[in-house]
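Number of protein chains: 2
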Amino acid sequence: MMELLMQLPKGFRFAGVSAGIKSRAGAKDVTLIVSDTPCTAAGVYTTNLIVAAPVVLSRSRTPSANIRGIVVNSGNANACTGQQGDLDAAEMTRLAAANLPQELHAHAEDFLVMSTGIIGRKLPMAKIQSGIEQAAKHLGNTQTHFLDACDGIMTTDAFRKTAHRSIRSSKGSHSIVGMCKGAGMIGPKMATMLAIVVTDAPIDAIVAQRILQAAANRSFNCISVEGHMSTNDSLVLLAQAPSKSVEALSDTELADFEATLTELCIELAKKIPDDGEGATHLIEICVKGANTQADADAIARNIALSNLVKTAITGGDPNWGRIVSAAGYAGVPIQPKRTALKINGLPLFDAGEPLAFDAKQVSESIRASKLTLIELDVGLGPGSATHWTTDLNTEYVRFNSEYTT
Amino acid sequence: MMELLMQLPKGFRFAGVSAGIKSRAGAKDVTLIVSDTPCTAAGVYTTNLIVAAPVVLSRSRTPSANIRGIVVNSGNANACTGQQGDLDAAEMTRLAAANLPQELHAHAEDFLVMSTGIIGRKLPMAKIQSGIEQAAKHLGNTQTHFLDACDGIMTTDAFRKTAHRSIRSSKGSHSIVGMCKGAGMIGPKMATMLAIVVTDAPIDAIVAQRILQAAANRSFNCISVEGHMSTNDSLVLLAQAPSKSVEALSDTELADFEATLTELCIELAKKIPDDGEGATHLIEICVKGANTQADADAIARNIALSNLVKTAITGGDPNWGRIVSAAGYAGVPIQPKRTALKINGLPLFDAGEPLAFDAKQVSESIRASKLTLIELDVGLGPGSATHWTTDLNTEYVRFNSEYTT
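So the protein lines, in turn, are chains A and B.
Using my numbering, the first residue of the first sequence is number 28, and each one after it goes up by one.
Using my numbering, the first residue of the second sequence is number 28, and each one after it goes up by one.
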């Protein structure tokens, strides 16, 4: 397994334990990640106005140069839980700080918090407390500790989602490791996306925040399963805090870090729509030639969210009309006469006119591979964007309609 | 049948004939509606930038005080057909004018045109021509003529969609009759919506345009099946043109006309998501308490487009979290603590907290009726909006993925 080769970032400890929040016996549901010294933290959160208590709390604490770690529970989202929810989220961070190994002193406000799972139910705080206590005792920096932490954030995920990279700077080699969770096609709840990236590269908080937002815009903000934004979506970056003895990365090194972080985030993000037994296709939508990146994003997103496009791919149907017309109502400029479309490299539409093409060949190329590539060139400018989504099939509908609150 | 009782507007003639454009033998596919004298016309069209040739042409001719009628074909949308498509749309209006009964002189530019059906294929102009010639010979003003015209605009509709009203003014009694088509749940193509409303109430063109847009904003713009805006969506109003001998409606009468037209358009529009064997539920989403009507519209639309909300209704699941969170990412202000939700009149969420409710009772109320009523009060201001959509079930997916281009 690739993931066994990863180099963990120095100075961080990980744990994932089972506290009985999830109904499945032994399923890990509390994760703790701790920095040996105060670290840099940046965060990108859901923009839903119906927002879970842990998001409100973590958002208020990032960016920061003085974070000690993050505590996460799965099995309960602590969303739509009123004032008690706010108190419980704060209590989770207090418990994380209070239970740290003796040599690591920290306060409640030094911790971030994430929750994912069912919404509208109060957190089972007795279980949460015993889970955090147990996790604090199991902190460590081996591969096993890291993978336990990954397991502790999962909900309906069919597989563990991790990615890792390393970069070199004048200060030596730095590791970047990431984990995420997100129910794909068959996520019956809110398809909450949680992601945590940890690095021992030394970066200032404000810089980390800017870089993380840019990476999110090219990765986690470009994936959709059903386009329903969760109350809990959160992406957090923990990095080494520069200090008198450790200088921050230089501008050139930062550019390298940003490119590498973006790559890692894309690798993680794509695993979300790729997950789920229901998804028969991962659809990659590459839009280029838009006036701006934002325009390209809007077009790619509109195509990704079209049920008619998604069902066409399910059926292996080269229905270019559904794709081109989805681009047409994205609310940004496009001109049919400059627009060209390919599916899996085969040209279907160009300059406002359908091309003669072998429908059977296109169908077979869709059916032969899990990945379907849609390339739309709108021929106006330099803006480009790539989005990923799934097909829409009867399995998705069955799972999401048979799920009961 | 209700529709047999309608009073047709004076001065208009209708026809619907079979020209062999649709594959099903004898299916009507050319409709012609003609005014005995030049009439008022207003139009509201798709805002998709990938727009069919007939929309471009009709849009350029409305509003107008000098229109003679409208010619429609079903079975072929004349969309994405390049320059030939533009020529063909214009030719349809020329043929309509040229084939009118001798006493009705008209020019090509006096006609509007609509098309619906498969996209990306050239119009079969020989069939179109013979259809228009035949329709011109069959024009009449009986109920049967009107219903034939309705049939000529249908595609995958499972039933004919008509509505009628009458109003009184100082000039006497006026009739308003409407027809529309739109594949509902199981529309495999573009779910194009076409609607034509005809009245003998005397109204100026500019006024008619304003009133029609307002009515559309409360009706056809509030329905969705999959949120995929078609290349061909069009709503046209034909009205008597005021003249020296017939004065236009007064302001008070116009207000009455607008309210009645809106009612009629809502009745027609709701029939679209109500159509289709696949749809087990018509979902009515009433949002009130938003800051503005536009805000309420945005919230209602976001709920209507959420696959998670739609599948929850399919399953009879009172999943209030999916509804409230869909409201939260509509991009307009809402505050959880002021928000209240009911399904079928039963309160589920209030003031930021889930209420204790009998889930079985809510489920049974959803399962017992085709109509599901979602009421969301966001408690901020006077803005309200009502939208309609369908559930999302396996039948929809099967139909839309098995359809082949």
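Every residue gets a Cβ at the ideal spot worked out from N, C-alpha and C, and that includes glycine.
Residue i - DSSP class collapsed to helix/strand/coil
{"i": "residue 72/B", "result": "strand"}
{"i": "residue 86/B", "result": "helix"}
{"i": "residue 297/A", "result": "helix"}
{"i": "residue 66/B", "result": "strand"}
{"i": "residue 337/B", "result": "helix"}
{"i": "residue 58/A", "result": "strand"}
{"i": "residue 253/B", "result": "coil"}
{"i": "residue 207/A", "result": "strand"}
{"i": "residue 284/A", "result": "helix"}
{"i": "residue 376/B", "result": "strand"}
{"i": "residue 364/A", "result": "helix"}
{"i": "residue 81/B", "result": "helix"}
{"i": "residue 352/B", "result": "helix"}
Neighbour flag for residue i against chain B, beta carbons, 8 Å
{"i": "residue 256/A", "result": "yes"}
{"i": "residue 461/A", "result": "Missing from the structure shown is residue 461/A; chain A here goes from 28 to 432 and no further."}
{"i": "residue 250/A", "result": "no"}
Any C-beta of chain A under 8 Å from that of residue i
{"i": "residue 219/B", "result": "no"}
{"i": "residue 417/B", "result": "no"}
{"i": "residue 356/B", "result": "yes"}
{"i": "residue 123/B", "result": "no"}
Continuous beta strand (DSSP E) stretch holding residue i: start and end
{"i": "residue 157/A", "result": "Here residue 157/A belongs to no beta strand (DSSP E); instead the alpha helix (DSSP H) covers 152-164."}
{"i": "residue 229/B", "result": "221-229"}
{"i": "residue 315/A", "result": "309-317"}
{"i": "residue 414/B", "result": "410-417"}
{"i": "residue 144/A", "result": "138-145"}
{"i": "residue 263/A", "result": "261-267"}
{"i": "residue 172/B", "result": "Counting along the chain, residue 172/B falls outside any beta strand (DSSP E), though it belongs to the alpha helix (DSSP H) covering 170-179."}
{"i": "residue 194/A", "result": "188-196"}
{"i": "residue 98/A", "result": "91-103"}
{"i": "residue 402/A", "result": "398-404"}
Chain A residues whose Cβ lies nearer than 8 Å to that of residue i
{"i": "residue 402/B", "result": "Within 8 Å Cβ-Cβ: nothing; residue 402/B doesn't reach chain A, min ~17 Å."}
{"i": "residue 146/B", "result": "348 and 352"}
Proximal residues of chain B, C-beta to C-beta of residue i below 8 Å
{"i": "residue 160/A", "result": "Correct list: empty, because the minimum Cβ distance to chain B is about 29 Å."}
Within chain A, the residues that residue i reaches when beta carbons sit closer than 9 Å
{"i": "residue 107/B", "result": "347, 348, 351, 352, 363, 376, 379, 380 and 381"}
Neighbour list for residue i in chain A, Cβ cutoff strictly below 7 Å
{"i": "residue 262/B", "result": "Going along chain A, no residue has its Cβ under 7 Å from residue 262/B, so there is no contact; the nearest lies around 16 Å."}
{"i": "residue 75/B", "result": "352, 355 and 356"}
Segment limits, alpha helix (DSSP H) that includes residue i
{"i": "residue 40/B", "result": "Not the alpha helix (DSSP H): residue 40/B falls in the beta strand (DSSP E), residues 39-44."}
{"i": "residue 329/A", "result": "320-331"}
{"i": "residue 387/A", "result": "386-395"}
{"i": "residue 115/B", "result": "109-125"}
{"i": "residue 358/B", "result": "It is not in any alpha helix (DSSP H) - residue 358/B carries neither H nor E in the DSSP assignment."}
{"i": "residue 237/B", "result": "232-244"}
{"i": "residue 421/A", "result": "421-429"}
Amino acids of chain B, ordered along the chain, whose beta-carbon sits closer than 7 Å to that of residue i
{"i": "residue 421/A", "result": "421, 424 and 425"}
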